[in-house]
Amino acid sequence: MIIAIDGPAASGKGTMARRLAAHFGLRYLDTGLTYRAVAQALMADGASLDDEQAAERMVRDVDFEAMDRTALSEHAVGEAASRIAVLPGVRTALVEQQRAFAEEPPGAVLDGRDIGTVVCPHALVKLFVTATPEARARRRTEEMAARGGSVTYDDVLADLRRRDERDSTRAVAPLAVAPDAVLLDTTDLDIDAAFRAAVDIVDAAVRSQDRG
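So for the sequence shown, full-length UniProt numbering puts the first residue at 1; every next one is plus one.
Right, dumping it as structure tokens:
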């Protein structure tokens with residue numbers, strides 16, 4: 001079983017994806033981290049972030065099972081990842097590996113911005129998790145403050161709106177709702193309520209498949 005979860009930044013899709021994977025006994029992949037891993041490898045090697053051939057070579061060395069979320073969450077790595085993510089050869093190579101990961105038994109939950117539309121268009125379940133920019137900014141501000149960060153709500157909100165615009169208008173694999181995705185708005189839901197709603201959606205899809 002493959003579950004594809006897409007949505008904008010700070011919508012709660014990552015937390016939900018991890019919980020769904022644990023609940024249904026599936027593997028989990030944060031596809032955004034795969035771009036960060038390639039970017040980090042390029043930086044460590046001293047290669048240019050515009051060197052598409054070098055970046056494609058790095059893709060082959062990325063171990064999806066060994067990615068360090070803490071190290072890859074650094075701001076500099078995120079900025080570098082946004083640069084290599086627009087390189088067509090890098091996207092093609094990573095999508096191939098992400099798809100192969102998803103198809104290994106018993107299946108997987110993948111989250112990102114183009115899972116249901118590009119990476120796993122035939123996923124059994126497609127969720128598009130969203131929330132208002134204001135709700136997402138509040139969550140992200142609280143999350144960063146809990147880690148000792150000193151960001152303001154207004155700065156986070158402005159950054160999220162910029163990211164939303166960039167993600168939805170980019171030429172390659174823009175953020176979009178797949179035609180057969182189920183929209184899950186978490187604006188007024190806490191993580192437990194959102195998770196229960198997602199489980200119900202997956203269970204319904206499994207029952208429908210079994211009847212078919």
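Using N, Cα and C, we set each Cβ at its ideal position, and we do this for glycine too.
Nothing here was measured: the structure is a model prediction, and the numbers come from that model.
In the three-state reduction of the DSSP assignment, residue 112 falls in the strand class, which pools E and B.
Counted as a single uninterrupted DSSP element, the beta strand (DSSP E) harbouring residue 125 occupies residues 125-130. If you ignore the 5 residues before and after residue 205, its C-beta comes within less than 6 angstroms of the C-beta of 124 and 125, all in its own chain and listed in chain order. Contiguous alpha helix (DSSP H) elements confined to the segment 62-103 occur at 69-72, 75-84 and 88-103, taking only those with 4 or more residues. Around residue 141, the same chain offers 151, 152, 153 and 156 as residues with beta carbons nearer than 8 angstroms, after the five sequence neighbours per side are excluded. Residues of the same chain with a CB within less than 7 angstroms of the CB of residue 33, apart from the 5 flanking positions on each side, are 67, 69 and 72 in chain order. Taking C-beta atoms as the reference points, residue 29 and residue 108 count as a pair closer than 8 angstroms.
In the DSSP assignment, the residues bridged to residue 4 are 110 and 126. Judged by DSSP secondary structure, residue 157 falls within the alpha helix (DSSP H) whose first and last residues are 153-169. Counting the other CB atoms within 10 Å of its CB gives residue 119 a total of 16 or more, which places it among the buried residues. As DSSP reads the structure, residue 28 sits in a beta bridge with 109.
Rounded to the nearest angstrom, the gap between the Cα atoms of residue 50 and residue 83 is 8 angstroms. Nearest Cα to residue 11 within the set 181, 164, 200 and 208: 164. If you look at residue 182, you'll find it isn't in any alpha helix (DSSP H); it sits in the beta strand (DSSP E) that goes 182-185.
Only buried fits residue 38, as 16 or more other CB atoms lie within 10 angstroms of its CB.
Residue 183 sits exposed, since fewer than 16 C-beta atoms from the chains shown fall within 10 Å of its C-beta.
Approximately 19 angstroms separates the beta-carbon atoms of residue 20 and residue 177; this is outside 8 angstroms, ruling out the contact. Annotated as distal: residue 128 and residue 14, with beta-carbon spacing of 8 angstroms or more.
Non-local beta-carbon contacts of residue 85 in its own chain, meaning distances under 8 angstroms to residues more than five positions away in sequence, involve 35 and 91 in chain order. Per the C-alpha coordinates, the member of 98, 147 and 158 positioned closest to residue 137 is 158. Secondary structure of residue 139 (DSSP, three-state): helix.
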